[in-house]
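Encoded as C-alpha cells, the structure appears first; notes follow it.
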Amino acid sequence: IDAHRSPLAAIALSSNGKYIATASEQGTIIRVHLVSEATKSYSFRRGTCPSTIFSLSFAPSLQLPDILVATSSSGSVHIFSLGFETNQSRTKMSGSFLGSILPYPVNDVLDPAHHHVLHNAVSAGVRSYAVVRKVDKVADSSSSEIASCRAIISLIAYNGYFQEYTFTLNSQNESTWSLEREFNLVAVISGNAETS
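Read in order, the letters of the sequence shown correspond to residues -4 to 191 in the working numbering.
Pasting the structure below:
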C-alpha cells in the first residue's frame, strides 16, 4: 500500500479487516485503504499544521457508518465518518471543474470527508489514546428514517485522566459532543492506597 511520503506514526486495522488507516509523522493527512484491493478509499485532512498522531482506532464494524477516531499532540480528538462517501462521489469530485484544475495532491485531500473535531480534549502535547466502544443508530420518533448515529468514545491520557464522551451525528452531518464521565485515575489510585 502506497500510503504516505514520510514514515508512519500510526496504523489501525478495522475489526472486520476491511480497512487499514495510516498517518505519517507529519500528521496532517490520514488515509484509509480498502485492504482487499490495497487501494486508497479515503483521505482526510486532520489539520494544516503538523501534529503527531498518537492513536487511530476504528469503531466496531457491526454498525454503519464506519467510524475512525484519532488523537493528536494538539490535544484534539478527531472523528472521521467513512459511511457516506461512494466511488461515485469521488469520481464526481475528480471530474468536477475544481478537481480538474487542482494538482493531484490537493485534489486528493479534497475527497468528501465527514470530519468532526473535539478541540482541547486533553492538554496539548499529552499523549492520549481513544477508542469507540459502541455505535448506535437512533431513529427519529416522527419517521422511520435513521435520524442520527451515536457513538461512545473513551479517551485516556498519559496525565492520568479518563474521559468518556457521547458523540452524536445527525442526518444533516451536524455533530455534538457530550462529556459523560471524567476521572483522574492517579487521584483515584492514590486515594485507594491511602485508605488501605
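Glycine included, C-beta positions come from ideal geometry on N, C-alpha and C. Owing to the predicted nature of the structure, the values given are computational and were not obtained by experimental measurement.
Through-space distance from residue j to residue i, alpha-carbon basis
{"i": "residue 69", "j": "residue 23", "result": "11 angstroms"}
{"i": "residue 175", "j": "residue 119", "result": "21 angstroms"}
{"i": "residue 154", "j": "residue 182", "result": "11 angstroms"}
{"i": "residue 50", "j": "residue 122", "result": "9 angstroms"}
{"i": "residue 29", "j": "residue 117", "result": "31 angstroms"}
{"i": "residue 9", "j": "residue 146", "result": "16 angstroms"}
{"i": "residue 97", "j": "residue 169", "result": "Residue confidence for residue 97 is low, a pLDDT of 47 falling below 50, so the modelled location carries little weight; the figure read from the coordinates is stated next. Their Cα atoms are separated by approximately 28 angstroms."}
{"i": "residue 186", "j": "residue 39", "result": "42 angstroms"}
{"i": "residue 37", "j": "residue 152", "result": "28 angstroms"}
{"i": "residue 27", "j": "residue 184", "result": "38 angstroms"}
{"i": "residue 167", "j": "residue 13", "result": "26 angstroms"}
{"i": "residue 64", "j": "residue 42", "result": "14 angstroms"}
{"i": "residue 35", "j": "residue 16", "result": "10 angstroms"}
{"i": "residue 162", "j": "residue 148", "result": "7 angstroms"}
Cβ-based burial, residue i [other Cβ within 10 Å; buried from 16]
{"i": "residue 180", "result": "exposed"}
{"i": "residue 158", "result": "buried"}
{"i": "residue 150", "result": "buried"}
{"i": "residue 134", "result": "exposed"}
{"i": "residue 164", "result": "buried"}
{"i": "residue 66", "result": "buried"}
{"i": "residue 46", "result": "buried"}
Contacts around residue i, its chain only, beta-carbon distance under 6 angstroms, and the 5 residues preceding and following it disregarded
{"i": "residue 114", "result": "71"}
{"i": "residue 20", "result": "1, 2, 4"}
{"i": "residue 178", "result": "157"}
{"i": "residue 124", "result": "50, 151"}
Expected contact under 8 angstroms - CB spacing of residue i and residue j to nearest Å
{"i": "residue 172", "j": "residue 160", "result": "5 angstroms"}
{"i": "residue 260", "j": "residue 144", "result": "Nothing about residue 260 can be read from this structure; the chain reaches only from -4 to 191."}
{"i": "residue 25", "j": "residue 18", "result": "5 angstroms"}
{"i": "residue 73", "j": "residue 127", "result": "12 angstroms between Cβ atoms; not a contact."}
{"i": "residue 7", "j": "residue 52", "result": "6 angstroms"}
Cut-off 7 angstroms between Cβ atoms - residues of its own chain near residue i, not counting five sequence neighbours on either side
{"i": "residue 82", "result": "Legend: pLDDT at residue 82 = 36, less than 50; position of this residue unreliable, no value from coordinates given."}
{"i": "residue 54", "result": "61, 62, 127, 130, 146"}
Paired residues, beta bridge with residue i - DSSP
{"i": "residue 159", "result": "149, 176"}
{"i": "residue 43", "result": "DSSP lists no partner for residue 43."}
{"i": "residue 196", "result": "Here the chain covers residues -4 to 191 and nothing more, so residue 196 does not appear."}
{"i": "residue 27", "result": "16, 37"}
{"i": "residue 75", "result": "63, 110"}
{"i": "residue 50", "result": "66"}
{"i": "residue 235", "result": "Residue 235 lies beyond the residue range present for the chain, which begins at -4 and ends at 191; the question has no answer from this structure."}
{"i": "residue 5", "result": "18"}
{"i": "residue 165", "result": "143"}
Closer than 7 angstroms: residue i CB and nearest the ligand NAP heavy atom
{"i": "residue 167", "result": "Judged by which ligands are present, the structure shown has none, so any question about the ligand NAP falls away."}
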